[in-house]
């Protein structure tokens, strides 16, 4: 079993080119045993591109790509590609299809150069079935395939070796649950108390996670054995299958489906159900379609369930960056880096101004009202009666759109003008 001290978590990313920006370094804070990484930045700043290129590197380490001359290290692969391109192009020309393919791969690998807390060596290639890796893209849902029978366990364990298995695990989640329920029945017949305890712990933890997401302490996961179906029984009487969930719940559950299956399979492989596997998970927009309250919960939930996984996420949400501990938050637009102690617990309005570069905490409508007030103050400063009437008109016209704070400030201005008007009488 690989421990966190042995696993090659990412500690920095040198970005040569993410299309929008070039030549900068993302240094992760020295949390032990690793730091999570949250990428922010304006649309088009390169967040998804960076995740995609990290995926290319890790997939290469896992042996997905056919390496030239036996190279297993992406950096070594870069050197081999350069040498091979030079050699082949001198004979076949730069328009040769193989040369073009190699140049494309070289360009992708060179865009970002990760460094790791320990040498990677052969850890990924020799331990594929004991390590977690997944790339969860922004467009995702919990659409699961129908189940008609029990399948072989090896169908799932084989997928652990595949770098592109994320969608497969999500689609086969119901199948996996059905298999576990059927095996659970056999374990009961055979009075295998150890395996029964392990299975019950799996379903208990899964149900607890669902209860947290749906904010329903009485939620239960119900298995209908006649048609191999599962549904969520809510305390208000609703019964929801995985296929009818809202897009927000569906997007979040897809992450849990993928990771719960991987962790359970790995625990079986090592024969230790207390083991928390190490790994790296990339998530593009974990807040996708989620209400603000769930945006606050998504990363804390994931880091508590999977404590040895390094999460690297791209987000637009102040709720996400304020929710997590032991994380480095890097803004691609400004190149500013923060740590969790600087973001956790801060107000969202503060983060929107200090990190997401909004001019102030108010909406555009509020900004327009403030501009009207400032104009009145500037043009009618020596005419208290007219100023008071103008401010009152702004207040009356926009009362429904004023926040409590702005209302109080405008009421104070009006009261001040009334006081000045009285003093001059």
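In this note's numbering, the protein residues as written are 169 to 593. Cβ coordinates follow ideal geometry from the N, Cα and C atoms, glycine included.
In terms of Cα proximity to residue 339, the closest of 315, 193 and 326 is 315. The shortest CA-to-CA distance from residue 197 to any of 222, 507, 578 and 249 is the one to 507.
Taking C-alpha positions only, residue 536 is separated from residue 470 by approximately 41 Å. Per DSSP, residue 315 lies in no beta strand (DSSP E) and is assigned neither H nor E. Under the three-pair Cβ rule at 8 Å, the region 325-332 does not count as touching the region 367-384. Runs of beta strand (DSSP E) with 3 or more residues, each lying fully within the region 434-486, are found at 447-452 and 477-482, listed in chain order. Rounded to whole angstroms, the separation of the alpha carbons of residue 419 and residue 180 is 28 Å. Note that the region 477-494 touches the region 454-463; at least 3 beta-carbon pairs, one per stretch, sit closer than 8 Å.
When 548, 403, 454 and 467 are compared, the shortest CA-CA separation from residue 382 is found for 403. Ranked by Cα distance from residue 299, the options 351, 492, 172 and 323 are led by 172.
Excluding sequence positions up to five before and after residue 267, its CB lies within less than 7 Å of the CB of 253, 256, 257 and 260, all in the same chain and listed in chain order.
In this structure residue 303 is buried. Its beta-carbon is surrounded by 16 or more other beta-carbon atoms within 10 angstroms. The residue from 422, 475 and 222 with its alpha-carbon nearest to that of residue 454 is 422.
Close CB contacts of residue 276 within its chain, under the 8 Å cut and outside five residues either way in sequence, are with 221 and 224 (chain order). DSSP, reduced to helix, strand and coil, places residue 340 outside both helices and strands of the structure shown, so it counts as coil. Separation of residue 262 and residue 279 (C-alpha to C-alpha, rounded to the nearest whole angstrom) is 21 Å.
Considering only 442, 201, 272 and 183, the residue with the shortest C-alpha distance to residue 174 is 201. By alpha-carbon distance to residue 343, the top candidate from 395, 211 and 184 is 395.
For residue 271, the enclosing alpha helix (DSSP H) begins and ends at 265-279. As computed with DSSP, residue 299 is found in no beta bridge at all. For the pair of segments examined, the region 183-195 was found to touch the region 210-219: the number of CB pairs separated by less than 8 Å reaches three. If you draw a straight line from the Cα of residue 355 to the Cα of residue 438, it is about 19 Å long. Residue 346 is a Cβ neighbour of residue 391, given a cutoff of 9 Å.
Excluding residues up to 5 positions away in sequence, 433 lie with their Cβ nearer than 6 Å to the Cβ of residue 324 in the same chain. Just measuring C-alpha positions, the residue of 500, 397, 495 and 291 sitting nearest residue 229 is 291. Among the bridge pairs identified by DSSP, residue 399 is matched with 390.
Separation of the CB atoms of residue 176 and residue 285 is rounded to 6 Å, and the pair is thereby assigned contact status at 8 Å.
Rounded to the nearest angstrom, the gap between the Cα atoms of residue 426 and residue 359 is 30 Å. Ranked by how close their Cα comes to the Cα of residue 504, the residues 204, 554, 199 and 209 have 209 in first place.
About 5 Å separates the beta carbons of residue 447 and residue 477, which is inside the 8 Å limit, making them a contact pair. It is roughly 14 Å from the alpha-carbon of residue 582 to the alpha-carbon of residue 567. DSSP, read as helix, strand or coil, puts residue 204 in strand. Going by C-alpha positions, residue 551 is about 49 Å away from residue 500. Around the beta carbon of residue 407, fewer than 16 other beta carbons lie within 10 angstroms, which makes this residue exposed. Around residue 398, the same chain offers 342, 345, 346, 389, 390, 391, 392, 409 and 410 as residues with beta carbons nearer than 8 Å, after the five sequence neighbours per side are excluded. 9 Å or more divides the Cβ of residue 440 from the Cβ of residue 482.
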